Amino acid sequence: MQAAVIDLQAMEPQHLEGALMLSRQAKWPHRLEDWHMLLTLSRGLVLVDVGRVMATIFLTPFGEDVATINMVIVDESLRGRGIGKALMQEALALAGDRECRLVATTDGLPLYRKLGFVETGNILQQQGPLSTVPPAPADVIWAQDADRAEILALDRHALGADRCNLIDYLAVHGRIAVLRRHGELVGYGVIRDFGRGEVVGPVIAHDNEDARSLISFLFSTRQAGSFLRVDTTSDAGLADWLSTHWLVNAGGGIAMTRAGKRSALPSDPTIHRFALASQALG
Ligand SMILES: CC(C)(COP(=O)(O)OP(=O)(O)OC[C@H]1O[C@@H](n2cnc3c(N)ncnc32)[C@H](O)[C@@H]1OP(=O)(O)O)[C@@H](O)C(=O)NCCC(=O)NCCS
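Each residue of the sequence shown is one higher than the one before, counting from 1208 in the numbering used here.
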């Protein structure tokens, strides 16, 4: 296939088996279900050659102001021919005026820089079998349906983005824990199936101590030996704590942003993201 024939088409459920082959080739841990989740929340594009999926990308919109770009993969045999750039240009066109965010691998970094993305921080991927099960903190409980509005508001204030589509999905396909203080919801955390086991995230809270309580609670609901993953930010100050007690570092990525004509929603500097939903979704 020549670079001149970059004919991208909308990703449909029938492309997901082929997309899964690509993510396995890139040594990413995604399962078919993880691709389905992203397709449900996103607009996807694929390059198909003789019935085989050769490249993928998703644009995941969060309201009208922000989007993430994710699952940017070109088959090894076709790299360096401009396909990655073509995928990105199409995804950016789908993003319209939105601010775009992504987590870059070292492979993707040069491409994203050339397209105007700037580095905003480091993501640390902590994972492994749970060595010991912590006790459940008394102040964290499972969320109820009635908590939805407060969870959405907390998330919006931390991310400057309306992620109601993601959080509603997580409420059905994962389990959400909440932390209240004097009746007010001050943090939430999610656990769901992903990749080799389960992922803990998003974790949104005011401070590191509350984030640890939420994570400890979620860990406490699992058995020793369960494979867990947390993608945290380097400035969250959680990676050493996770490494010491449970989950070792297995690499990470570089968080990047590209401004759009629309700005992210106003955020609250007292509320922070301690763990990502995933590297794809931020
Ligand atoms: C990242 C990836 C999608 C790039 O796809 P690609 O089709 O090879 O990229 P392109 O050929 O369109 O290259 C785009 C630009 O980036 C540059 N580039 C790409 N890879 C590069 C590298 N490793 N080092 C330096 N520059 C690089 C190219 O020179 C090109 O610049 P130009 O337009 O000025 O010539 C591909 O390497 C890949 O699938 N990697 C594995 C999965 C992955 O890590 N994806 C990124 C997830 S964030």
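Beta carbons are placed, not taken as given, at the ideal position from N, Cα and C, and that holds for glycine.
None of the values given here were measured: they were computed from a predicted structure.
By alpha-carbon positions, which one of the options ends up nearest to residue i?
i, options, result
"S1441", "A1356, G1459, I1290 and T1464", "G1459"
"F1426", "I1398, D1447, P1476 and R1259", "I1398"
"A1418", "H1222, A1482 and P1342", "A1482"
"F1265", "G1408, K1234 and L1245", "L1245"
"L1316", "R1305, N1329 and G1258", "N1329"
"G1408", "L1301, H1380 and R1387", "H1380"
"A1262", "R1305, S1230 and N1456", "S1230"
"T1451", "S1338, V1260, T1267 and A1466", "S1338"
"D1352", "R1382, L1331 and V1325", "R1382"
"D1375", "D1214, V1255, A1484 and E1224", "A1484"
"R1336", "L1322, V1455 and T1247", "Here residue 1336 is Pro; the residue named in the question, Arg, does not match the sequence. Considering only alpha carbons, the answer is V1455."
In this structure, does DSSP put residue i in helix, strand or coil?
i, result
"E1219", "coil"
"Q1209", "Unreliable positioning characterises Q1209 in this predicted model, as indicated by a pLDDT of 48, which lies under 50. The coordinate reading is nonetheless provided below. Coil, per DSSP."
"H1479", "strand"
"L1229", "helix"
"E1271", "coil"
"D1282", "coil"
"A1484", "coil"
"L1425", "helix"
"A1466", "coil"
"A1471", "coil"
"D1214", "coil"
"V1253", "strand"
Just to confirm before moving on: does the CB-CB distance between residue i and residue j stay below 8 Å?
i, j, result
"M1218", "Y1319", "no"
"E1271", "R1469", "yes"
"A1446", "Q1333", "yes"
"V1347", "S1249", "no"
"E1405", "L1435", "yes"
"A1431", "V1340", "yes"
"Q1191", "V1253", "Given that the chain is displayed from residue 1208 to residue 1489, the structure contains no residue 1191 and the question cannot be resolved."
"F1401", "D1241", "yes"
- Query: Residue ranges of each beta strand (DSSP E) run of no fewer than 3 residues wholly in the region 1285-1368, ordered along the chain?
  - Reply: 1306-1311, 1325-1336 and 1347-1349
- Residue list, Cβ distance to ligand 1 heavy atoms smaller than 5 Å: A1233, V1279, I1280, V1281, R1286, G1287, G1289, I1290, G1291, K1292, A1311, T1312, D1314, G1315, P1317 and L1318
- Query: What residue ranges within the region 1391-1455 form continuous alpha helix (DSSP H) runs of no fewer than 4 residues, ordered along the chain?
  - Reply: 1415-1427 and 1446-1452
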